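A.B. asks: Quick note, the sequence shown lines up with residues -33 to -1, 1 to 451 if you use mature numbering (1 follows the signal peptide of the UniProt record, and there is no 0).
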Amino acid sequence: MPINMFKGQTTANMQRWLQRSALALAVSTAMFASINVTTINSAQAAVTTADFSGLVQQVTPAVARVNVTKTISEAELAKAQTAEVLRQFFGDRLRIPDRVATPAIEHAYGTAFFITSNGYMLTNHHVIAGADKITVTLNDRTELDATLVGSDERSDVAVLKVEGNQFPALPIGDSSGLKVGEPVLAIGSPFGFDYSASAGIVSAKSRSFSRETSVPFIQTDVALNPGNSGGPLFNQRGEVIGINSRIFSGTGGYMGLSFSIPIDAAMDIYEQLKNDGEVARAYLGIYPQDIDRNLAEAYNLERPQGALLTRVSPDSPAQKSGLKPGDIILQYNDVQIMEASDLLNLLNRARPSDSFRARIQRNGKQMGINGKLAYAPNDVRAQSGDEQNDDVQLGLRLRDLTADEQAEIAVDNKTGILVTTVDPTGLAARSGILAGDVITNFHQKPIKTVADFSGAISSLPKKGVVTIEVIRQGIPAIIGLRIE
């Protein structure tokens, strides 16, 4: 009440007004305090962390530590020593053996978990890649030898098998039903601290990492660190909905972004590796990109959505179905496509012989397209030399490089072919060849195509050692392949 309103008022009137004002102020303060407390209590209830204590006790027996022993060849050791020198200047972190030995032995670890009672387990490909021996340690300290059933680098999924029965297999959930904000739990061995539990929420779904992988990752804020790789990600019901695979970090440790392979995709890989020994992927032959606001306006779309085809490969299933550069795929098998990653995720889950139907926009008009997927060209086996040299069991799966890949790995103007899969029982694996290597020279012959490699196999000796020149992570190396 303004001061000038008291002018001409009696002392009694002023006292009555002050009393009424004080009463009103007290009531208002009490009401505000009540509302404020209620609001805070509601907010606290909304963010209360889920209690996973009972779940941890229930599922821990099905989780195991993976122990891996690897033999490092002279070439790999020399590369590691070179990388260590570079690390001192450029800060690249690379763990190398403490001693310089030929050959050197390296020990690594990760996490795995049982999915069947008769001993089948899932882990990451990068956990067991190049392993000479794999053992798993259960939570009761029992140590078992594990056999590698199969491994797939693109999905980063590996299948292990231990002898025995009545193992505590974990229930498999439905990762497609996950919701952003849903609480999740991870169990693993970060930095070697066995059976550590960490919890968080689903931060996002369908995260992609370009050509590195072929799965739509689940993004969480669960604290994952080295050693968590290959461990299970649980929902609140104790069902596995993912395999913990990687983190986004500038330090090598957890920084708030963790990524897990959806269990739906992992189980599909598991079935193929178990039944067929390899993963067959479908090929459409397209190069899609996202549509931004400007492109949406240019193509008369109501909003940025769909996958814009920038290129269609010749003689590919896409071209045979009638797809053309400039087409916008809006739906694929009745699934709406909002981003290019949506389409790639569907293709990565498809089989080479699957039929497909798509709804596209071309020149401002929508139309339907039908076709059939196929195997990727040049994704062929070089194992055993097939009809050329039955005595040589190399155990490789190879393909030609794309133009983009060729530009990325260019070293001294060399070209080559990409190793996509390495059979752990083959000669190539025992010699240290890894998936992701680019073979540039084989048995003193330059290799530019898979056909060149097949021709070089035909002239291999029955016994002896031949040299293989490769580029691994941008660094040239020479590997000696012993033929027995």
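Heads up, the beta-carbon is just placed ideally off N, CA and C, and yes, glycines get one too.
Keep in mind it's a predicted model, so treat the numbers as computed, not measured.
Could you give the distance in angstroms between the alpha-carbon of Ser143 and the alpha-carbon of Val302?
C.D. replies: Residue mapping note: residue 143 aligns to position 176 of the sequence shown, counting from 1. Residue mapping note: residue 302 aligns to position 335 of the sequence shown, counting from 1. Cα-Cα distance, rounded: 13 angstroms.
A.B. asks: When you compare only the Cα positions, how much space is there between Leu262 and Pro271?
C.D. replies: In the sequence shown, counting from the first residue as 1, residue 262 sits at position 295. In the sequence shown, counting from the first residue as 1, residue 271 sits at position 304. Roughly 7 angstroms between the two C-alpha positions.
A.B. asks: Taking C-alpha atoms, which residue in Glu120, Ile445, Leu310 and Gly252 lies nearest to Thr434?
C.D. replies: Locating residue 434 in the sequence shown gives position 467, counting from the first residue. It is Ile445.
A.B. asks: Just to confirm my understanding: we take Arg397, look at its own chain, exclude 5 residues before and 5 after, and list those with CB closer than 8 angstroms. What are they?
C.D. replies: Here residue 397 refers to the residue found at position 430 of the sequence shown. Excluding sequence neighbours, Arg397 sits near Arg449.
A.B. asks: Taking the beta carbon of Gly117 as the centre, do at least 16 other beta carbons fall within 10 Å, making it buried, or is it exposed?
C.D. replies: Residue mapping note: residue 117 aligns to position 150 of the sequence shown, counting from 1. Answer is buried; the Cβ neighbour count reaches 16.
A.B. asks: Note down the Cα distance separating Leu363 from Val386, rounded to an integer number of angstroms.
C.D. replies: As a position in the sequence shown, residue 363 is number 396, starting the count at 1. As a position in the sequence shown, residue 386 is number 419, starting the count at 1. Each residue's alpha carbon lies about 7 angstroms from the other.
A.B. asks: Determine whether the Cβ of Leu401 lies closer than 8 angstroms to any Cβ atom of chain D.
C.D. replies: Given the protein chain composition of this structure (a single chain), no chain D is represented.
A.B. asks: Pull up the DSSP beta-bridge partners for Thr90, would you.
C.D. replies: By one-based count along the sequence shown, residue 90 stands at place 123. Partner(s): Ala125.
A.B. asks: Give the straight-line distance between the Cα atoms of Leu314 and Ala164, rounded to the nearest whole angstrom.
C.D. replies: Position 347 of the sequence shown, counted from the first residue, corresponds to residue 314. Position 197 of the sequence shown, counted from the first residue, corresponds to residue 164. Cα to Cα, Leu314 sits roughly 34 angstroms from Ala164.
A.B. asks: According to the neighbour-count rule (16 or more other Cβ atoms, all chains shown, within 10 Å of its Cβ), is Glu73 buried or exposed?
C.D. replies: In the sequence shown, counting from the first residue as 1, residue 73 sits at position 106. So Glu73 counts as buried.
A.B. asks: Please look up how many angstroms separate the CB atoms of Pro183 and Asn312, rounded, as I've assumed it's under 8 angstroms.
C.D. replies: Translated into the one-based positions of the sequence shown, residue 183 becomes position 216. Translated into the one-based positions of the sequence shown, residue 312 becomes position 345. The Cβ separation is near 4 angstroms, so the contact holds.
A.B. asks: Going by alpha carbons, who is nearest to Thr104 out of Phe160, Pro150, Ser122 and Arg121?
C.D. replies: Walking along the sequence shown from the start, residue 104 turns up at place 137. Answer by Cα proximity: Phe160.
A.B. asks: Starting from Gly331, trace the alpha helix (DSSP H) in both directions and tell me its first and last residue.
C.D. replies: Working through the sequence shown from its first residue, we reach residue 331 at position 364. Segment: none, Gly331 is in no alpha helix (DSSP H) and carries neither H nor E.
A.B. asks: Output the distance between the C-alpha atoms of Arg32 and Lys412, rounded to the nearest integer angstrom.
C.D. replies: The residue labelled residue 32 in the question sits at position 65 within the sequence shown. The residue labelled residue 412 in the question sits at position 445 within the sequence shown. Each residue's alpha carbon lies about 43 angstroms from the other.
A.B. asks: Please state whether the Cβ-Cβ distance between Thr78 and Gly194 is less than 8 angstroms.
C.D. replies: Your numbering for residue 78 matches position 111 in the sequence shown. Your numbering for residue 194 matches position 227 in the sequence shown. The answer is yes: Cβ separation under 8 angstroms.
A.B. asks: Since Leu401 contacts Ile384 with CB under 8 angstroms, what's their CB separation in whole angstroms?
C.D. replies: By 1-based counting over the sequence shown, the position of residue 401 is 434. By 1-based counting over the sequence shown, the position of residue 384 is 417. In fact, because the Cβ distance is near 14 angstroms, the residues do not count as touching under 8 angstroms.
A.B. asks: Using CA atoms only, rank isn't needed, just tell me which of Lys287, Ile230 and Asp235 is closest to Lys172.
C.D. replies: Residue numbering aside, residue 172 sits at position 205 when the sequence shown is read from its first letter. Of Lys287, Ile230 and Asp235, the residue nearest in Cα terms is Ile230.
A.B. asks: Where are the alpha helix (DSSP H) runs, 4 residues long or more, that stay fully inside the segment 212 to 250, in chain order?
C.D. replies: The segment 212 to 250 contains these whole alpha helix (DSSP H) runs: 230 to 243.
A.B. asks: Does DSSP put Gly159 in a helix, in a strand, or in coil?
C.D. replies: As a working mapping, residue 159 is identified with position 192 in the sequence shown. Helix at Gly159.
A.B. asks: Count the other C-beta atoms from every protein chain shown that fall within 10 angstroms of the C-beta of Arg213, then say buried if there are 16 or more, exposed otherwise.
C.D. replies: Taking the sequence shown and counting its residues from 1, the one referred to as residue 213 is at position 246. When all chains shown are included, Arg213 counts as buried.
A.B. asks: Grab me the residues of Glu120's own chain with a C-beta within less than 6 angstroms of its C-beta, minus the 5 sequence neighbours each way, in chain order.
C.D. replies: Taking the sequence shown and counting its residues from 1, one reaches residue 120 at position 153. Closer than 6 angstroms at the Cβ level, and outside the excluded window around Glu120, lie His92 and Ala402.
A.B. asks: Out of Phe80, Lys339, Ser225 and Gly331, which one is the CA nearest neighbour of Pro138?
C.D. replies: Counted from its first residue, the sequence shown places residue 138 at position 171. Among Phe80, Lys339, Ser225 and Gly331, the Cα nearest to that of Pro138 belongs to Phe80.
A.B. asks: One question on the structure: do Leu22 and Phe201 come within less than 8 angstroms of each other, judged by their Cβ atoms?
C.D. replies: For this step, residue 22 is matched to residue 55 along the sequence shown. For this step, residue 201 is matched to residue 234 along the sequence shown. Yes.
A.B. asks: Rounded to whole angstroms, what is the Cα-Cα separation between Ile210 and Thr90?
C.D. replies: On the sequence shown, residue 210 is found 243 positions in, with the first residue counted as 1. On the sequence shown, residue 90 is found 123 positions in, with the first residue counted as 1. Whole-angstrom Cα-Cα distance: 7 angstroms.
A.B. asks: Below 8 angstroms on the Cβ atoms is my guess for Asp243 versus Arg316; work out the distance and round it to an integer in Å.
C.D. replies: One-based indexing of the sequence shown puts residue 243 at position 276. One-based indexing of the sequence shown puts residue 316 at position 349. Not really, about 16 angstroms apart at Cβ, beyond 8 angstroms.
A.B. asks: For Gln239, I'd like the list of residues in its chain whose CB is within less than 6 angstroms of its CB, leaving aside the five on either flank, ordered along the chain.
C.D. replies: Counting from 1 along the sequence shown, the entry for residue 239 is found at position 272. Cβ neighbours of Gln239 beyond the five flanking positions: Val246.
A.B. asks: Note down the Cα distance separating Arg278 from Gly252, rounded to an integer number of angstroms.
C.D. replies: The residue you call residue 278 lines up with position 311 of the sequence shown. The residue you call residue 252 lines up with position 285 of the sequence shown. For Arg278 and Gly252, the distance between alpha carbons rounds to 8 angstroms.
A.B. asks: If I measure Cβ to Cβ from Met305 and keep anything under 7 angstroms in the same chain, skipping five residues before and after, which residues do I get?
C.D. replies: As a first step, residue 305 must be located in the sequence shown, where it is residue number 338. Gln272, listed in sequence order.
A.B. asks: I need the DSSP call for Val147, collapsed to helix, strand or coil.
C.D. replies: Walking along the sequence shown from the start, residue 147 turns up at place 180. It is coil, neither helix nor strand.
A.B. asks: One question on the structure: do Phe323 and Leu297 come within less than 8 angstroms of each other, judged by their Cβ atoms?
C.D. replies: Sequence index remark: in the sequence shown, residue 323 carries index 356 (1-based). Sequence index remark: in the sequence shown, residue 297 carries index 330 (1-based). The answer is no: Cβ separation not under 8 angstroms.
A.B. asks: Within a Cβ cutoff of 8 angstroms, which residues of the same chain sit near Ser175, ignoring the five residues on either side of it in sequence?
C.D. replies: By one-based count along the sequence shown, residue 175 stands at place 208. Once the five neighbours on either side are set aside, the close Cβ partners of Ser175 are Pro183, Phe184, Ser308, Leu311 and Asn312.
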